[in-house]
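Peer 1: Residue numbers (the numbering used here), protein chains in the order written: chain A, 283 to 426; chain B, 122 to 287. Dropping a structure here in structure tokens format, bear with me for questions.
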């Protein structure tokens with residue numbers, strides 16, 4: 283996508299499933315080896331149904347979604363998100379977004395991350411509200 | 122109003138500074154991109170990066186906010202080896218509120234990052250169900266070896282009183 287989007291435009295939906303392998307890989311890549319993200323005994327002792335997905339990964343998913351949509355010449359300038367419900371290993375999040383403002387080359391997108399149940403229906407909100415501001419037309423930020 | 126003690130108020134302004142012992146490196150970005158399932162060639166393909174106007178591959182933007190890699194701290198009994206404020210607030214459970222990231226430029230493999238964490242505010246509120254909660258706000262500022270701005274990460278931690286229903 284090269285032209286500036288318009289208010290009301292929808293970002294193509296991104297669905298991300300976080301398998302046990304994904305959680306291990308993320309723990310390694312971020313140097314975060316907290317047992318709550320992979321250890322069944324530790325998780326059971328905490329009375330949780332499964333290892334918890336590290337909420338910071340949602341930020342990476344939203345950046346992926348925005349960059350895949352707007353192409354290589356865009357720069358995510360800010361990303362703000364509030365956690366609502368825990369997401370567990372094996373679950374899927376559906377990331378959705380809509381453009382809420384366009385000012386010059388800055389596009390504001392309102393996003394949500396909904397956790398999908400095993401039957402494919404919406405189960406609960408994982409992360410919302412999410413607000414991203416993306417600069418379109420250049421690949422890097424002002425300090426580059 | 123029981124959670125917001127003088128001791129808690131005194132936390133505001135507390136700082137911790139961590140500087141990475143080496144440049145980020147290309148492999149760290151490639152590993153993180155693979156782990157999150159983002160196969161954008163900007164992270165792995167110099168030609169694709171140059172075609173977009175960048176000097177070469179850069180790292181996925183959110184990786185800079187993962188502070189453990191700079192901290193050089195020992196692994197605790199729960200497996201954690203990263204930055205914490207060691208806040209032990211009896212009778213509460215800690216939940217994460219949210220984050221706000223601000224990015225100033227993409228991270229390059231040769232960047233040596235310094236993360237400076239600071240507690241920026243504490244306040245007490247009441248949950249919808251009537252429990253007291255303490256909200257601790259902090260901010261990490263990420264800078265390069267010359268002190269140039271890379272990113273900020275404002276983080277909210279919430280401590281909810283376990284028996285706080287009024």
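The beta carbon of each residue, even a glycine, is placed where N, CA and C say it ideally should be. None of the values given here were measured: they were computed from a predicted structure.
So, are the CB atoms of residue 359 of chain A and residue 416 of chain A less than 8 Å apart?
Peer 2: yes
Peer 1: Looking at the unbroken alpha helix (DSSP H) that takes in residue 403 of chain A, where does it start and where does it end?
Peer 2: Segment: none, residue 403 of chain A is in no alpha helix (DSSP H) and carries neither H nor E.
Peer 1: Which of the three DSSP states, helix, strand or coil, is assigned to residue 217 of chain B?
Peer 2: strand
Peer 1: Which parts of the stretch 159-227 of chain B are runs of the beta strand (DSSP E), unbroken and 3 residues or longer, counting only runs that do not cross its ends?
Peer 2: Fully enclosed beta strand (DSSP E) runs of 3 or longer: 213-224.
Peer 1: Strictly by DSSP, which residues pair up with residue 256 of chain B?
Peer 2: B/244, B/279
Peer 1: Alpha helix (DSSP H) containing residue 355 of chain A: first to last residue?
Peer 2: It is not in any alpha helix (DSSP H) - residue 355 of chain A carries neither H nor E in the DSSP assignment.
Peer 1: Between residue 179 of chain B and residue 346 of chain A, what straight-line distance do the alpha-carbon atoms span, to the nearest angstrom?
Peer 2: Residue 179 of chain B and residue 346 of chain A have their C-alpha atoms roughly 14 Å apart.
Peer 1: Excluding sequence positions up to five away, which residues of its chain have a Cβ less than 6 Å from the Cβ of residue 343 of chain A?
Peer 2: The answer, listed in chain order, is 298, 377.
Peer 1: Mind checking whether residue 352 of chain A and residue 409 of chain A have CB atoms under 8 Å apart?
Peer 2: no
Peer 1: Which same chain residues, not among the five before or five after residue 232 of chain B, have their C-beta less than 6 Å away from its C-beta?
Peer 2: Answer for residue 232 of chain B: 145, 265, listed in chain order.
Peer 1: Return the CA-CA distance between residue 137 of chain B and residue 187 of chain B, expressed in angstroms with no decimal places.
Peer 2: 15 Å
Peer 1: Pick from A/364, A/398, A/392, A/412: whose alpha carbon is nearest that of residue 289 of chain A?
Peer 2: A/392
Peer 1: For residue 424 of chain A, go through chain B and note every residue whose CB falls closer than 8 Å to its CB, in chain order.
Peer 2: Here the neighbours are 225, 226.
Peer 1: By the DSSP assignment, the alpha helix (DSSP H) with residue 311 of chain A in it spans what residues?
Peer 2: 302-311
Peer 1: Who are the neighbours of residue 175 of chain B on chain A, taking C-beta pairs under 7 Å?
Peer 2: 421, 422
Peer 1: Count the other C-beta atoms from every protein chain shown that fall within 10 angstroms of the C-beta of residue 326 of chain A, then say buried if there are 16 or more, exposed otherwise.
Peer 2: exposed
Peer 1: Runs of 4 residues minimum, wholly inside the stretch 343-393 of chain A: which ones carry the alpha helix (DSSP H) assignment?
Peer 2: none
Peer 1: Could you please give the first and the last residue of the uninterrupted beta strand (DSSP E) stretch that includes residue 294 of chain A?
Peer 2: 292-299
Peer 1: Quick one, which of A/389, A/405, A/399, A/406 has its alpha-carbon nearest residue 292 of chain A's?
Peer 2: A/389
Peer 1: Give a yes or no on whether 8 Å exceeds the smallest Cβ distance from residue 286 of chain B to chain A.
Peer 2: The predicted position of residue 286 of chain B is uncertain, since its pLDDT is 42 and thus under 50; no value can be drawn from it.
Peer 1: List the residues of chain B whose Cβ lies closer than 9 Å to the Cβ of residue 363 of chain A, in chain order.
Peer 2: 219, 220, 221, 222
Peer 1: Smallest Cα separation from residue 181 of chain B: which of B/260, B/175, B/192, B/164?
Peer 2: B/164
Peer 1: Using a Cβ-Cβ distance under 8 Å, would residue 166 of chain B count as near chain A?
Peer 2: no
Peer 1: Return the Cβ separation of residue 155 of chain B and residue 421 of chain A in integer angstroms, given the expectation that the two are a contact with Cβ distance under 8 Å.
Peer 2: That belief does not hold up - the Cβ atoms of residue 155 of chain B and residue 421 of chain A are roughly 21 Å apart, past 8 Å.
Peer 1: Throw me the rounded Cβ distance for the residue 191 of chain B and residue 141 of chain B pair, which I believe falls under 8 Å.
Peer 2: Rounded, the Cβ-Cβ distance is 5 Å, consistent with contact.
Peer 1: Which residue marks the beginning of the alpha helix (DSSP H) containing residue 151 of chain B, and which one marks its end?
Peer 2: Residues 147-157.
Peer 1: What do you get for residue 160 of chain B, buried or exposed, if any count of 16 or more other CB atoms within 10 angstroms of its CB means buried?
Peer 2: exposed
Peer 1: For residue 339 of chain A, name the three-state secondary structure that DSSP assigns.
Peer 2: helix
Peer 1: Would residue 216 of chain B and residue 257 of chain B be called neighbours here (beta carbons separated by less than 8 Å)?
Peer 2: no
Peer 1: Spatial neighbours of residue 127 of chain B within its chain, please: CB distance less than 6 Å, with the 5 preceding and 5 following residues excluded, ordered by chain position.
Peer 2: Taken in chain order, the list of residues that qualify is empty.
Peer 1: Using a beta-carbon distance below 8 Å, is residue 231 of chain B in contact with chain A?
Peer 2: no
Peer 1: Along the chain, where does the beta strand (DSSP E) containing residue 130 of chain B start, and where does it finish?
Peer 2: First-last for residue 130 of chain B: 127-130, but that is the alpha helix (DSSP H), not the beta strand (DSSP E).
Peer 1: Just to confirm my understanding: we take residue 399 of chain A, look at its own chain, exclude 5 residues before and 5 after, and list those with CB closer than 6 Å. What are they?
Peer 2: 405
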